[in-house]
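Engineer: One structure, pasted below without further comment.
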Amino acid sequence: MWLRACCFSLLVSQAALAGEPCQAPTSIKPPAAQPQAMASLHTEGKIYGPLQRRVVKARHDFPYMLALANQWQLSQNPQQLATLSHYFDAWVSHYQLSFNPIDESHFDDFLSAFAISRQGLPADIRQQTAHFIRNMVEGYLGLMQAHQLDKHNEWHNNWQSHRIKLVTLGAVALNDKKLLALAHQAFRQQLAKNIQPGGEVWDFQYRDALHYVVYDIEPLLRAALAANTQGQDWFREQGPQGQSLKQAVDWLTPYAKGEKQHQEFVHTKVAFDKKRQQAGVKGFFGLWQPDRAANVYWAASIFDSSYLPLAKKLRVKAPSWLLCYCH
Numbered sequence: 002m003w004l005r006a007c008c009f010s011l012l013v014s015q016a017a018l019a020g021e022p023c024q025a026p027t028s029i030k031p032p033a034a035q036p037q038a039m040a041s042l043h044t045e046g047k048i049y050g051p052l053q054r055r056v057v058k059a060r061h062d063f064p065y066m067l068a069l070a071n072q073w074q075l076s077q078n079p080q081q082l083a084t085l086s087h088y089f090d091a092w093v094s095h096y097q098l099s100f101n102p103i104d105e106s107h108f109d110d111f112l113s114a115f116a117i118s119r120q121g122l123p124a125d126i127r128q129q130t131a132h133f134i135r136n137m138v139e140g141y142l143g144l145m146q147a148h149q150l151d152k153h154n155e156w157h158n159n160w161q162s163h164r165i166k167l168v169t170l171g172a173v174a175l176n177d178k179k180l181l182a183l184a185h186q187a188f189r190q191q192l193a194k195n196i197q198p199g200g201e202v203w204d205f206q207y208r209d210a211l212h213y214v215v216y217d218i219e220p221l222l223r224a225a226l227a228a229n230t231q232g233q234d235w236f237r238e239q240g241p242q243g244q245s246l247k248q249a250v251d252w253l254t255p256y257a258k259g260e261k262q263h264q265e266f267v268h269t270k271v272a273f274d275k276k277r278q279q280a281g282v283k284g285f286f287g288l289w290q291p292d293r294a295a296n297v298y299w300a301a302s303i304f305d306s307s308y309l310p311l312a313k314k315l316r317v318k319a320p321s322w323l324l325c326y327c328h
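Those letters in the sequence shown? Residues 2 to 328, per the numbering used here, in order.
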């Protein structure tokens, strides 16, 4: 009940901001005839080819699961719950955790779907899925704790932001306050290591790309939204030099408004960025397009309604995972 009550208040506030009801779609279409569960979802560091395209298709299962969970929460339709159970069973039976946060970042909708439907799921599916999620969360936390003093980029750049998102959503999905406290500790460390006073993130310095500013702070915002359902305000929480997630959003705002422009990846220090430029991958050359920050400002509008006009300018509707984040 505590999860539903907190999430309901979040939904009401978002509906009031958007001026429209927050509700699950009345009908949703599965992305394929059956779950597309795979043992691996590896795309990190790869130029897209046939295997990567298959992975992208398989990941479409996760937003479908979240939409289905939202719809079931409103309707209590047993057939919808049975379908959702089938998808959970398929994924936890097939997928092998890699602990690569870029490959596994898309499990965010899977975790939110479980948070919504957990109490209604059949006992065996609930236990199997909870076991899978606990292994994910504890595995990532163990790695983060083991590498606290590691100077390698991946332990303070966007990779770490995606780890924090997964462990926070997982802790909330499991209703485990001890795991949430550990996720919060990791979040605070990321504030100190990744966000500079004034809001510039480390990834911008290293990649010279607003693409990676968004990719760094959007997962932290989703973690903060999950923490917000537990009465915690990570959005305004300050690091040791006064830096905060809010400051990072504000640093990006002049670019999102079009007041400033930026040529992407001109001085990147990462060879793979240059490889993607040569391959003509969209978004890895030329001027950064402000609409790529739409999710950032929709998420930030939950914490501060002053971001809402910019969010609507960038994209008229909020992302589905935000409008009905959970119940």
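We treat Cβ as the ideally placed atom computed from N, Cα and C, and that holds for glycine. Here the structure is a predicted model, which is why all the values come from computation and not from measurement.
1. Is the Cβ-Cβ distance between glutamate 404 and glycine 281 less than 8 angstroms?
2. Ends of the alpha helix (DSSP H) at methionine 145?
3. Valine 202 bridges to which residues according to DSSP?
4. If you measure from the CB of phenylalanine 115, is any heavy atom of the ligand GTP nearer than 7 angstroms?
5. Note the first and the last residue of the continuous alpha helix (DSSP H) segment covering arginine 54.
6. Do alanine 312 and serine 321 have their C-beta atoms within less than 8 angstroms of each other?
7. If you check the beta carbons only, do alanine 300 and leucine 323 fall under 8 angstroms apart?
8. What is the DSSP secondary structure of glutamine 120, counted as helix, strand or coil?
9. Between tyrosine 88 and histidine 185, what straight-line distance do the alpha-carbon atoms span, to the nearest angstrom?
10. So which of Trp92, Ala83 and Asn159 has the shortest CA-CA distance to leucine 122?
11. Assign serine 307 to one of two classes, buried (16 or more other C-beta atoms within 10 Å of its C-beta) or exposed (fewer than that).
12. Going by DSSP, what residues sit across from glutamine 186 in a beta bridge?
13. Leaving aside the five residues before and after valine 317 along the sequence, list all residues of the same chain whose C-beta is less than 8 angstroms from its C-beta, in chain order.
Structural biologist: Working from what's here:
1. Outside the modelled stretch of the chain, which goes from 2 to 328, sits residue 404, for which no answer is possible.
2. Counting from one through the sequence shown, the residue named residue 145 turns up at place 144. Counted as a single uninterrupted DSSP element, the alpha helix (DSSP H) harbouring methionine 145 occupies residues 124-147.
3. In the sequence shown, the residue the question calls residue 202 occupies position 201. According to DSSP, valine 202 bridges with Ile196.
4. What this structure holds is no ligand at all, so the ligand GTP is not there to describe.
5. Residue 54 sits at position 53 when you count from the first residue of the sequence shown. From DSSP, the alpha helix (DSSP H) with arginine 54 extends over 51-60.
6. The residue labelled residue 312 in the question sits at position 311 within the sequence shown. The residue labelled residue 321 in the question sits at position 320 within the sequence shown. Taking C-beta atoms as the reference points, alanine 312 and serine 321 fail to come closer than 8 angstroms.
7. Residue mapping note: residue 300 aligns to position 299 of the sequence shown, counting from 1. Residue mapping note: residue 323 aligns to position 322 of the sequence shown, counting from 1. Cβ atoms of alanine 300 and leucine 323: closer than 8 angstroms.
8. As a first step, residue 120 must be located in the sequence shown, where it is residue number 119. Collapsing the DSSP output to three states places glutamine 120 in a helix.
9. Here residue 88 is taken as the residue at index 87 of the sequence shown, counted from 1. Here residue 185 is taken as the residue at index 184 of the sequence shown, counted from 1. Their backbone Cα atoms lie some 30 angstroms apart in a straight line.
10. Here residue 122 is taken as the residue at index 121 of the sequence shown, counted from 1. Ranked by Cα distance from leucine 122, the first of Trp92, Ala83 and Asn159 is Ala83.
11. For the purposes of this step, residue 307 is taken as the residue at position 306 of the sequence shown. Looking at its Cβ environment, which holds fewer than 16 other Cβ atoms inside 10 Å, serine 307 is exposed.
12. For this step, residue 186 is matched to residue 185 along the sequence shown. Answer is none; glutamine 186 lacks a bridge partner.
13. Position 316 of the sequence shown, counted from the start, is the residue given in the question as residue 317. The answer is none, since no qualifying residue turns up.
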